[in-house]
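Residue numbers (the working numbering): 1301 to 1531. Glycine residues also receive a C-beta, built at the ideal position from the N, C-alpha and C atoms. Notes follow the structure.
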């Protein structure tokens, strides 16, 4: 096409698409490479796909692809501008935060709505350095996919180490005994307990009654059980 050999055409198209995509990304800002929201994710994938297609297509004029990329770029800018001025459209296009833990209790409906299971929640909490869910007062799942965590009062930044360093006890992990209504045998083993003991502590007659719990944890240091029900 245009008297240029296919290999040279691919090289030129790849260079042009790279430069144009780089310029667009710089204008859209660092958010494209940081915490992506729904609209950012869609635009990013679309631009990358168009740029890749442009690099290897020697039949279609290159400016067709530049026009398509420009359309996505302008739409992304429009959404950003409108979102700043209209809260409803911003929530519609970018989503809104979901409270997964409210006042120390797991919000099972919000977990289902966001397609997150309890193990995903525990993993995200550990990434925020909360290894015991009992230490969390509120956890908010942001539109970007990040989890924001507010600890309970006694676990706020000012801790016992600030006022009584001589009374600090060694940290220990709580064991998960029930997750999503199913018994965690590995957790029972770690706690040196059996299923009969678990049923007795929970006042359950059989395993079927455990289905109402989304999470049950046990701290063998304090012999304390924390229960979180689905409803």
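DSSP three-state assignment for residue i, whether helix, strand or coil
i, result
"residue 1413", "helix"
"residue 1398", "strand"
"residue 1508", "helix"
"residue 1448", "strand"
"residue 1356", "helix"
"residue 1342", "helix"
"residue 1421", "helix"
"residue 1500", "helix"
"residue 1435", "helix"
"residue 1427", "helix"
Neighbour-count burial assignment, residue i, 16 or more Cβ in a 10 Å radius
i, result
"residue 1443", "buried"
"residue 1345", "exposed"
"residue 1355", "buried"
"residue 1476", "buried"
"residue 1518", "buried"
"residue 1431", "exposed"
"residue 1330", "For residue 1330, the predicted model reports a pLDDT of 47, less than 50, meaning its position is unreliable; a value from the coordinates is still stated below. Exposed, by the Cβ-count rule."
Contact set for residue i: own chain, Cβ-Cβ below 6 Å, skip 5 residues either direction
i, result
"residue 1440", "1397, 1399, 1448"
Selected residue, minimal CA-CA separation from residue i, among the options
i, options, result
"residue 1526", "1495, 1433, 1511", "1433"
"residue 1479", "1507, 1496, 1500", "1507"
"residue 1493", "1504, 1520, 1503", "1520"
Contacting residues, own chain, Cβ-Cβ under 8 Å from residue i (five flanking each side not counted)
i, result
"residue 1481", "1510, 1511, 1512, 1513, 1514, 1530"
Beta-carbon proximity list for residue i, same chain, < 7 Å, skipping 5 on both sides
i, result
"residue 1501", "1525"
"residue 1424", "1447"
**Asked** Which whole runs of the alpha helix (DSSP H) in the region 1359-1384 are 4 residues long or more, in chain order?
**Response** Taking only runs of at least 4 residues, no alpha helix (DSSP H) segment lies wholly in the region 1359-1384.
* **Start-end ranges of the alpha helix (DSSP H) lying completely within the region 1469-1498, minimum 4 residues** => If only uninterrupted alpha helix (DSSP H) runs of at least 4 residues are considered, those enclosed by the region 1469-1498 are 1485-1490.
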